[in-house]
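A short worksheet on the structure shown next.
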Amino acid sequence: MAVRIRMPGGTLKVKVYRELRDRERARRIPVVKIGRVYFTWWSNRQRLIDDRSPG
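The C-terminal position of the sequence shown is numbered 129 in our numbering, with every residue numbered one higher than the one before it.
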């Protein structure tokens, strides 16, 4: 189960590999692996840009 930590400017998520999304696996967002755990950073700014894109 992923852990989400809301922070100013975005959300830090802590996950194992099988929980990663395609964007996270492709490293299109910041990802750091420490041991078996992946730390991903979802920026609020990036989320706003994604919401505007068609599709």
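Glycine included, every Cβ here is placed at the ideal spot set by N, Cα and C.
### Query
Closest to K107 by CA distance: which of L94, G84, N118 is it?
The option with the nearest alpha carbon to K107 is L94.
### Query
What residue does the beta strand (DSSP E) around R110 start on, and which one ends it?
Run containing R110: none; DSSP gives neither H nor E here.
### Query
Among all the DSSP beta bridges, which residues are the ones paired with M81?
G84
#### Entry: alpha helix (DSSP H) segment containing E98, residue limits
96-99
#### Entry: Length of the line joining the Cα atoms of D96 and G83
22 Å
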